[in-house]
Structure formats: C-alpha cells, structure tokens
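Numbering (the working numbering), first residue to last: 149 to 444. No residue lacks a Cβ here, since even glycine has one placed at the ideal position from N, Cα and C. All values reported here derive from a predicted model rather than from experimental measurement. Structure, as structure tokens:
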C-alpha cells in the first residue's frame, strides 16, 4: 500500500506543469513562477492529505494564492523598472501550438494584455478562461463570493476581448509570415518589411536598463522599419537569426557571434504584423537553452 507522503509527492509532480503554467501566465516570469512552485510544495507537504478530496483543485488554490502574493511584490518592482517591461520568453515545443487556446494564453501579446488587469482580475480570468476552473473553486481561492467572481470574470473578459488580436491567424500562417519577415530583415529590403507590417504596428523593447533598447513603445510602420533597418546595419559581429517557438508561437532568436542578443516575438492580426517585442534583458534570456513544458 502506498504511503500518504508518496501520494502527496506524486500528486504534486503530476500537476507541476499545470501549476507552473498558471503561475507563469499571471506573473510573466519563469523565475517567479518557480518560486511559487517552491512555496506551494512547502505548504502542500504540511497539509493533512487524507482530508483533501481533489488534489488538483487544492494545489491550484495554493499556487494561485502564492502567485497573488508574488504579483503584489512584482508590482512594486516594476515601478522602478528601466524602460518597458516585457514577459520572460519561454522556448516551447511546437506541439504547444496545437492547443490553440493555451498557445494564445501564453503568447507575449496576451501576457501584456493580462498586465493591464488587476491581480484579482488576472487570477479570475486565467483560472476561468484558460483552465476552466469552476466559479465555486475560484471564489474559495480568492476569498470572494461566487457572484462577485462572476462579475470580475465578466469585467476581465470584456477587457481582454477589446485588446486581444483582431483576426485569427493559425500558427502555420504566423510561421510563414515570420520566415518572410526574417528574410526581409536579413537582406535589409525595407520595401519587403513594409508589406509585412501593419500601418499601426507597435514595437516594444526590453533591455532592463542593462542592454540598449527603446525606452518607450514605437508606433508606425515606417518608424519601426527604419529602426530595424538602422539597428541591424549597425550590429557589429556576425548576426544570425534562428526560427524558434517562443511561448507557443513562431519567433526569432537573434545571435551576435553565437551569443543570444535578442528574442524577437511577433503579434499577427489579419495576416499583418501589429506587434514586435524585442527582449534583450539578459536576466530574461537564461532559459532559452532548453524547452519549458507547459500544460493545461
């Protein structure tokens, strides 16, 4: 007969990817999500597991509460962040794209939308819309009534809906557009770039005050194209662009003399690039040597 402690360990290991994904979607930081998992484990091993009917639900509750605590700490940290803040990019398997809802929920574009929600709204939205957690369980997790949770969910859903991608683009279409973008960048053909980029495109850079990056979002196809063209032309050393899957979507890793320089992720709307996210902060590029497993 299996010991209860072993049962508890097995449950945690079985749901670890789910717990990490929930924490990461709310925090946008893999390192902070790992801290949440550590705190979740420490609290989980102190629980009388014989009284827990649903291990998954209980673990999700612990992890969400720990994530909300982290969110409040991160809010204070982001207030002093130099320049624009972008989520930490994760190297993911192409298989993630097969779960369309999961891929969209962890995309950098969606994580930035979630940043505009309050911590409670973000928790309710992620648990309900992405992981299909019941209103009763969410209410117990965030210490609100079910009616209050339904109202929060509705408000968050409408907020996200008004800011999410305008047109549906499959991962295959995004990959084709990315390859065309990559070729245009590598050849420096400005006219080709302009054909791929929407007139109202927004580019955001994140250097974290450590690496050079634009401090504020740059808007407009011609301004973004000019910046890309000039920036690439001024690059010293051998520049290479590798096509990868970042947060469930096609993206590029730019290397200079073999060292990772930038992760460039793109947002697509109606077949055109409407968002470019260039992450250069070295503190956010440490997990790109291995795939990160995420799941629902």
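Sequence-distant residues of the same chain with beta carbon closer than 8 angstroms to residue i, five excluded per side
| i | result |
| --- | --- |
| residue 185 | 164, 167, 168, 171 and 211 |
| residue 393 | 239, 240, 241, 242, 244, 245 and 399 |
Cut-off 6 angstroms between Cβ atoms - residues of its own chain near residue i, not counting five sequence neighbours on either side
| i | result |
| --- | --- |
| residue 317 | 416 |
| residue 244 | 251 and 396 |
| residue 332 | 340 and 341 |
CB of residue i within 7 angstroms of CB of residue j, strictly
| i | j | result |
| --- | --- | --- |
| residue 422 | residue 308 | no |
| residue 363 | residue 231 | yes |
| residue 227 | residue 177 | no |
| residue 301 | residue 261 | no |
| residue 439 | residue 239 | yes |
| residue 351 | residue 270 | no |
| residue 344 | residue 328 | yes |
| residue 218 | residue 188 | no |
| residue 283 | residue 298 | yes |
| residue 256 | residue 381 | no |
Nonlocal neighbours in the same chain, by C-beta distance under 7 angstroms from residue i, ignoring five residues either side
| i | result |
| --- | --- |
| residue 150 | Interpretation of residue 150 is limited by its pLDDT of 42, a score under 50 that renders its predicted location unreliable; no figure is taken from the coordinates. |
For residue i, three-class secondary structure by DSSP
| i | result |
| --- | --- |
| residue 362 | coil |
| residue 340 | helix |
| residue 347 | strand |
| residue 189 | helix |
| residue 177 | coil |
| residue 441 | coil |
| residue 265 | coil |
| residue 273 | helix |
Residue i at chain D interface by Cβ criterion, 7 angstroms
| i | result |
| --- | --- |
| residue 174 | Here there is only one protein chain, and chain D is not present. |
Whole-angstrom C-beta distance between residue j and residue i, which should lie under 8 angstroms
| i | j | result |
| --- | --- | --- |
| residue 398 | residue 346 | Not really, about 17 angstroms apart at Cβ, beyond 8 angstroms. |
| residue 404 | residue 427 | The pair is not a contact, with the Cβ atoms about 15 angstroms apart (cut-off 8 angstroms). |
| residue 233 | residue 354 | 6 angstroms |
| residue 444 | residue 279 | 6 angstroms |
Any non-hydrogen atom of the ligand SAH within 6 angstroms of residue i CB
| i | result |
| --- | --- |
| residue 326 | For the ligand SAH, the structure offers nothing, since it holds no ligand at all. |
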